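*Asks:* Let me begin by handing over the structure; questions about it come next.
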């Protein structure tokens, strides 16, 4: 704990912890947030990493930093919570948040511009590296059989909508690209016109879903989170709009180091590790998290997650037992 207290005894390092509480950022983004030189930021990050307060991971040529996960060390966890609360009380915190939002907005803009540009070509481009039909079928099998309302996160070209209607009565199709929403709407009208009135197309970001609390019974996110500026925040939003007992299914890329994916497909993240995604899901509040890696022999592996929002009865029972 001596190293921890030494690490916390610096205003800049407290500000960095406050920023990382908002999400994971690479070194260049942290430099941009605080308007400091690389050598200074790198020194502070090393001190925080050596103390166990933050962790880092490499994605191609980029190194991302995040707060250390809950690992049973109560003293370290309490110190980290105190540090974040202290950072949030600083007069500089409002400016830090504004700079963080600028970084996240640039990520969102990059993704939105890409999908507005590729439009209907997206499905062909995705099939260059993935067996889309296979992972869609596997993901659909994990959804409940008779859901009232399903939220399709990042609907894209809408190819999964007809199959989704075999599982539910109503669909809310969300996407940040007006172009993709128009393509999805046209696809559904051409292929399943009798259900067009049961599908609501909404423009919005997954980190800020334009829905009230507890509106959907299930949600599905297919190859979308690696295009999202802040996946951890996105999962918290999904949890918010989901009914108690609801099911979330995610199909996304396993962590890889093919940096060309950033330029060719506007990927913001080079996939995700199971540990990382499970940590985000549990932090958001999800339970019963399971995962499976599909087609392990391929260069780009697909990882499938299923999680649920605890029912009120379950949470009450757990509190009673404790």
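Residue numbers (our numbering): 1186 to 1507. Heads up, the beta-carbon is just placed ideally off N, CA and C, and yes, glycines get one too. None of the values given here were measured: they were computed from a predicted structure.
What residue does the beta strand (DSSP E) around residue 1429 start on, and which one ends it?
*Replies:* Residues 1427 to 1438.
*Asks:* Rounded to whole angstroms, what's the CA-CA distance from residue 1211 to residue 1392? Just pull it up for me.
*Replies:* Cα to Cα, residue 1211 sits roughly 19 Å from residue 1392.
*Asks:* As a quick exercise: from 1376, 1188, 1187 and 1220, pick the residue whose alpha carbon is nearest that of residue 1197.
*Replies:* Out of 1376, 1188, 1187 and 1220, 1220 has the C-alpha closest to the C-alpha of residue 1197.
*Asks:* Looking only at DSSP bridge pairs, what is residue 1493 linked to?
*Replies:* According to DSSP, residue 1493 bridges with 1432 and 1472.
*Asks:* Give me, in chain order, the residues of the same chain whose beta-carbon lies closer than 7 Å to that of residue 1415; leave out the 5 immediate sequence neighbours on both sides.
*Replies:* Only 1208, 1289 and 1392 meet the Cβ criterion.
*Asks:* Kindly indicate which residue of 1388, 1370, 1474 and 1403 has the alpha-carbon position closest to the one of residue 1382.
*Replies:* Cα-wise, what sits closest to residue 1382 is 1370.
*Asks:* The beta strand (DSSP E) that contains residue 1323, what's its start and end?
*Replies:* That residue, residue 1323, is in no beta strand (DSSP E); its alpha helix (DSSP H) goes 1317 to 1325.
*Asks:* Ignore the nearest five residues each way along the sequence and tell me which others in residue 1476's own chain have a CB closer than 8 Å to its CB.
*Replies:* Taken in chain order, the residues that qualify are 1459, 1462, 1463, 1488, 1489, 1490 and 1491.
*Asks:* Please identify the residue among 1347, 1215 and 1403 whose C-alpha is closest to the C-alpha of residue 1379.
*Replies:* Nearest C-alpha to residue 1379: 1347.
*Asks:* Are residue 1452 and residue 1411 close, meaning C-beta to C-beta below 7 Å?
*Replies:* For residue 1452 and residue 1411, yes; Cβs fall inside 7 Å.
*Asks:* Span of the alpha helix (DSSP H) holding residue 1371?
*Replies:* Where residue 1371 is concerned, the enclosing alpha helix (DSSP H) stretches over 1363 to 1376.
*Asks:* Under the assumption that residue 1471 contacts residue 1493 (Cβ atoms under 8 Å), give the Cβ distance between them as a whole number of angstroms.
*Replies:* That belief holds up - the Cβ atoms of residue 1471 and residue 1493 are roughly 7 Å apart, short of 8 Å.
*Asks:* In three-state terms, what does DSSP make of residue 1487?
*Replies:* Looking at residue 1487 - three-state DSSP - the assignment turns out to be strand.
*Asks:* Would residue 1434 and residue 1405 qualify as a contact pair, given that the criterion is a beta-carbon distance under 7 Å?
*Replies:* Their beta carbons are under 7 Å apart, which means residue 1434 touches residue 1405 by this criterion.
*Asks:* Count the other CB atoms within 10 Å of the CB of residue 1335; is the residue buried (16 or more) or exposed (fewer)?
*Replies:* Per the 10 Å Cβ criterion, buried.
*Asks:* Could you tell me the distance, in whole angstroms, from the CA atom of residue 1430 to the CA atom of residue 1188?
*Replies:* Using only the alpha carbons, I get a separation of about 42 Å.
*Asks:* Return the bridge partner residues of residue 1251 from the DSSP annotation.
*Replies:* DSSP lists 1240 as partners of residue 1251.
*Asks:* Report the rounded CA-to-CA distance for residue 1507 versus residue 1276, giving the unit in angstroms.
*Replies:* Residue placement at residue 1507 is flagged as unreliable, the pLDDT there being 39, under the threshold of 50; a coordinate-derived value is accordingly withheld.
*Asks:* Please report the straight-line C-alpha distance between residue 1269 and residue 1202, rounded to a whole angstrom.
*Replies:* Each residue's alpha carbon lies about 6 Å from the other.
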